[in-house]
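See structure below.
Right under this line is the structure:
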C-alpha cells in the first residue's frame, strides 16, 4: 500500500508527460504511441492500482457503457475489460454476435453506430485472421468518429485494441509493467536481455500478436531483445522493422536466432510461447475467406506435423539453468501448454511453470489497470488533474 | 447543446401535461396512451438527451434492475434498452431462456415473480407469433402487479413493450421524434404525407408491428398517412381501425393503396419495409404451435414465391424523384435489405440508402431516450419535478 | 414497511451477535456456522429488506465485481445473486465456461485468480456430481486466499455457496427465514413438526442438497424434523449425523421414516420434493467421470423405472388434510413438478400447489437478501455499525 503522498508524486510525474494527442483518440498499437504516451499509460495504471489498494474510489463515470466485442472465446481479457470498466464506473454491454440481429451484409459502420449511442469505450478482440482484426477495429473507430461528427452519437467512444492480428497492446504493456516492477524501475532495464522465443505446442494457429507485441514494445527500453524461432516460423516483417528501429533509438538491440539455447543464454527474462507462422496464418485466412474448409483441415494437419519436428523447443529446467544466474524471469500470457499437466509435451516443463506461478499471476494482474489507464487517457484532457481530484475527494470504494 | 434555461422550458412544458395515469403503469401500445401521455414521452426523452449532451447525470436510481427478455435475436433494441437503463442507474439482467432453468410447464406467473424481486423495469421483445407477444407481456405485467399486491415484490416493476406482435412503440415513437426534429416541431406535421409501404425482401416472415406501429401513431398528428402494399399483404384490421379513428380525430387522413407509386407521389416521408401478410403470420403461428414443421417449410416456400412476384416494390431513385421536391425523408427501422449490398434485390436501392445514412442513424439514436422516458414516466408521479431536481443537482455524468 | 426505530432495534440485536469469524471468510455449509452466525445472517437479511422497502440505499460498494459461476442452468439463483450484488453496489460478471478460453488442463487455481483481480465476491453453483461441487468451491476459495496472500489480488474475494453437492445454504436459509416470519418469530418454532419428504417426479437425478440443507438447518431450532423417503432413496449419512446432533443440541428431534403419511401426520410444515438416491448419484458421478455414457443411459432407465414404483409419493389434498389442522405450510424450492400442470404425475397435486402460490413466492423472495447478508457479513468487521451508517445517511434508492 502506498501513502497519499507517494501517489501524489506519481500524479506529479504524470503531469510532466505530454498526453494531449491521446485525448479522444484510440489505442491500436504501442508503436503508434510516443514515449511520453507509453509512460503515461504505466503511470496512470500504477496510480489507479495504488488508489484501489488504498480503498479510494476511481469512479470517473456516473454512468456510461463500455461495449465489448469478442470475436473469439476469452476469459482473461473479458474479465480484465470488465474490471477496468467497473473500476471507472462504466457498465459493460457485450455485443455477442451469436445472439444479435446483425443482418447478412449489414455494414460495420451501421453496427458500430447502433451500439454506440451511449458508449464511452469500445473494446475489441479480433485476432484470428491476418489482415482482418486491425482493419475491423479501424473501421469501427472511423465509423463512430464519423457518427460523432454527424451528431448521431453524443460522445465519441474511444477504441481499445484488446488484441488484433498485429499487436496485443494491453498484454505487452501489462507484461512490461510487471517487468518494470520486478526489476525495480524502468531505469534498470537498459542492457537486460529478453528471449522472446517460439515454443512447441500440440495446438496450431496461435496468434502472432503476442510475440509481435513484445518485440514491438520491449525494444523501446534499451533492452537486448532476441526473437527466436525455428526456420519457417516467421512473424510479420513490418513489426520486425519496428523492433529494429526501436532498438536503435533506445540504445538497445534486436536480433533473431533459430536457436532457443542461444536466446536463453544469460537472458534476464524468457518468454517461450507457441505461435503459427505468418505465412500459414495468411494461407489460413485465405482458405477461411473462400470457404475452402477441406483444404483448411489439410493445412492444419501439415502444420501440426511440422510443429512436431520442434518438440525440443520447450522451456526446460536445463535451459533455465543457462539464463542469468539460472534465475531469469519466466513470462507467459497464459494459459500455457504445460508438459505433463495440460498436455503430454508443451511449451514449458511443469516444474518451471510451477516455480513461477505467483509472478505469472502478478503479470496478468496488471492488465485491468492498463486498460483502465488507456480509457482515462482517452477521456480526460488533463488526467493528472482528474486523478488529483479523485485523491482529494477520497471517496471509499468499499464504504 | 442546450442551455439549462432551454431545458427548464422543456420541463415547464412537461409540467402542463397530465401523466398521472402513467405512474406505476405499463407501456403496451401507443394508442392506449392519451395525447398528453404521448407528448410527455417525447418531452422527457428530449430533456434526458439534452441533459446527457450537457454532461448532467440522469441517474434517478442508486441501484435496481432492469430485466430484459428477448425471445428473438436483437442488437438495436438490446443496446437501446441497456443504454436507457444505464442512463437512469439501473443494471440490466437478461433472462436468457436458453441458459435458464425454466421448467417444462412452469407458469409465466412463476417466472415473472422469480426474476422480479428487485426489478424496477421489465423490457420484453416477443414479436414472432400472432396473438402471442402481447398476451405474454400482459400475463407478465398482471403477474408482477399481483406479486406486488401480495407482498411478494417490494416494488411493482413496470413493463416496457420492446416489440410485440401488434405494436412496436419504442420504434414508432423514436421514428416520430426523429420526424418532429427533422421538420422543426410537431406543429409542422399537419398535412405532411407519409407513405408507409411494403417493400420486397428476399426473406420472409418479417413482423407486422413496425407498419402497424407507424400507422397507429403517425395518424395522431394530422398527417396524411398512406399504407401501401400488394394485394394479400394485409396487416391487422384492428390497427387499421385505430389509424382511421386517429386520423379523423387529428384532422389528418388515412387511406390504403395497392400502388407504391401512388403512395410515394408527393410524399414528405417514405418508409418502405417488408412484412409478412397477417393471414400468413396467423397460419405460421398455428403450424409452429402444432409442431407441423414440414408444412411450415412449405408455407415459407409458397410465401417466398409469392413475394418474388413483387420485386418491383422497391425504393428506387426514380420513385424518390416523385416525392415532394424529390426530397422525401427516407426512413427505416434497420437493418434494411439493400439491393446490391446485403442482397441482390431488396427493399431499397443502395444509392438511396447511402444518401440517408446519417438521418437513418439519427432516427435510431432516439430509441434509448424514448425507453428511458417511458421508464421515468412510470416511476415518478411528478416527472417534471424529478427532472428539475436533476438539473438543480447538476451532477456531471463524466466527472 | 418498518420505521427507522424498528430497524435500529434490529441492528442493536445484531450488535450482540459474534460475527467476527465470518469476516473475510466464506460460506459453505450452514452447519459450519455458529448459532450467532446463523442468527446474524437472518438479522442482516431482514435489515436490508426493511431498508429497501423504506427506499433507503443499501449500497456499500462504490464499484466492485461479483463473479458468478453456474455450472448448470439456473434462473432463480442467478437472479437472486444478481439482485444481491446490485443491492450492495456490485456488478455481476458471469464466468460462462462455454464462451471462455479456459484451456484444457488449466488449473482451477489459475482460472480463479484470473477472474478475481477486482472481485469482491464469487458465487458458485455446482451441484451435479457427488464429491465434486464442494471440492471445486474449496479449491477456488483456497486459490484466491493464496492469491491475496501472495499480493496477486488486492482484495480477498469471499465465496458464497449457491448450491453444492452437499448443502444449499442460500435456499435452506431463505426457507427458514420464511418459516420464521410465517410463524411470527424464531421463538415459536420449538416443537413444530416439519416433514421433509421425497416425492415422485418424472425426472431423475435431482440434487440432494435441498433435503440435506433442510435437515441440516431446521434441526437447529428445536423442531421435530422428519425425513421421509422410500427405501433406497437415502441421502448422505454424514448430513444425517449433523441433523441428529443438531436436534439433540437444540432440544428438538430428528427421525427417518419410509412413510409419507407418517411424516405428514400433524405436520406444521411439509416439504415434498424429489431427489435421486445418494448411491445412484455416486454411480452417476463415476460413470460421467469415466465417460461411460451408455451405462449412464442404462442407469437413468433403471432409476426412472424404480421411481415409477413410488408414484403414490405425491402431495395430495388428502395428505394435506392429515397435517396440523389440515393447514400445514407447504414449501418447495421451485420449480415443482405439478400433476396435471407441468407433468401428468408429479410431486404435488395442482390444487395444493395453487393454494400456496403466494407463500411459495414469498419463500423465494428471501433468497436475494440471504445472499446479500452473507456478503455483508464477510466484508464488514462490524456489520451493525455499517448498517447504522447506511441508516444515518438514508440515501434514497430511487432518488
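Residue numbers (this note's numbering), protein chains in the order written: chain E, 1 to 399; chain Z, 1001 to 1399; chain X, 2001 to 2399. Backbone N, C-alpha and C define an ideal beta-carbon position, used for all residues, glycine too. Note that this is a predicted model, so its numbers are computed, not measured.
Proximity of residue i and residue j at Cβ, strictly below 7 Å
| i | j | result |
| --- | --- | --- |
| residue 2083/X | residue 1117/Z | yes |
| residue 209/E | residue 163/E | yes |
| residue 1194/Z | residue 1223/Z | yes |
| residue 1349/Z | residue 1323/Z | no |
| residue 2186/X | residue 2216/X | no |
| residue 115/E | residue 1079/Z | yes |
| residue 1050/Z | residue 1007/Z | yes |
| residue 27/E | residue 160/E | yes |
| residue 1086/Z | residue 1398/Z | no |
| residue 347/E | residue 354/E | no |
| residue 370/E | residue 121/E | no |
Where the alpha helix (DSSP H) through residue i begins and ends
| i | result |
| --- | --- |
| residue 309/E | Run containing residue 309/E: none; DSSP gives neither H nor E here. |
| residue 2133/X | 2133 to 2149 |
| residue 197/E | No alpha helix (DSSP H) holds residue 197/E; the beta strand (DSSP E) holding it covers 193 to 198. |
| residue 120/E | Taken as a continuous stretch (DSSP letters only), residue 120/E belongs to no alpha helix (DSSP H), being part of the beta strand (DSSP E) at 119 to 125. |
| residue 1319/Z | 1317 to 1321 |
| residue 1391/Z | 1383 to 1393 |
| residue 2170/X | 2169 to 2182 |
| residue 2077/X | 2076 to 2088 |
| residue 1032/Z | No alpha helix (DSSP H) contains residue 1032/Z, which DSSP labels as neither H nor E. |
Span of the beta strand (DSSP E) around residue i
| i | result |
| --- | --- |
| residue 1068/Z | 1065 to 1070 |
| residue 1271/Z | 1269 to 1273 |
| residue 2093/X | 2091 to 2094 |
| residue 1226/Z | 1224 to 1228 |
| residue 1253/Z | 1253 to 1257 |
| residue 159/E | 158 to 161 |
Buried versus exposed, by CB contacts within 10 Å (16 or more), residue i
| i | result |
| --- | --- |
| residue 2063/X | buried |
| residue 2061/X | buried |
| residue 266/E | exposed |
| residue 1143/Z | buried |
| residue 1009/Z | exposed |
| residue 2188/X | exposed |
| residue 1367/Z | buried |
| residue 1308/Z | exposed |
Other residues of its chain near residue i: CB distance less than 6 Å, five sequence neighbours each side excluded
| i | result |
| --- | --- |
| residue 2091/X | 2065 |
| residue 1130/Z | 1165, 1281, 1282, 1285 |
| residue 2246/X | 2219, 2220 |
| residue 1123/Z | 1068, 1081, 1160, 1162 |
| residue 1356/Z | 1330 |
Best match in the options for proximity to residue i [C-alpha to C-alpha]
| i | options | result |
| --- | --- | --- |
| residue 2343/X | 1106/Z, 1120/Z, 1235/Z, 1036/Z | 1106/Z |
| residue 1234/Z | 1256/Z, 1277/Z, 1264/Z, 1217/Z | 1277/Z |
| residue 1330/Z | 1041/Z, 1337/Z, 1320/Z | 1320/Z |
| residue 1153/Z | 1119/Z, 1200/Z, 1378/Z | 1119/Z |
| residue 2047/X | 2295/X, 2002/X, 2212/X | 2002/X |
| residue 238/E | 306/E, 305/E, 373/E, 212/E | 212/E |
| residue 2273/X | 2184/X, 2133/X, 2335/X | 2335/X |
| residue 2043/X | 2377/X, 2200/X, 2381/X, 2396/X | 2377/X |
| residue 1226/Z | 1253/Z, 1150/Z, 1333/Z | 1253/Z |
| residue 1255/Z | 1275/Z, 1268/Z, 1279/Z, 1229/Z | 1229/Z |
| residue 139/E | 110/E, 14/E, 261/E | 110/E |
| residue 2339/X | 2351/X, 2095/X, 2333/X | 2351/X |
Proximal residues to residue i (C-beta, below 8 Å), its chain only, five neighbours per side dropped
| i | result |
| --- | --- |
| residue 231/E | 258 |
| residue 34/E | 18, 21 |
Contact set for residue i: own chain, Cβ-Cβ below 7 Å, skip 5 residues either direction
| i | result |
| --- | --- |
| residue 1214/Z | 1172, 1175, 1196, 1271 |
| residue 1156/Z | 1024, 1144, 1145, 1148 |
| residue 1363/Z | 1174, 1175, 1178, 1331 |
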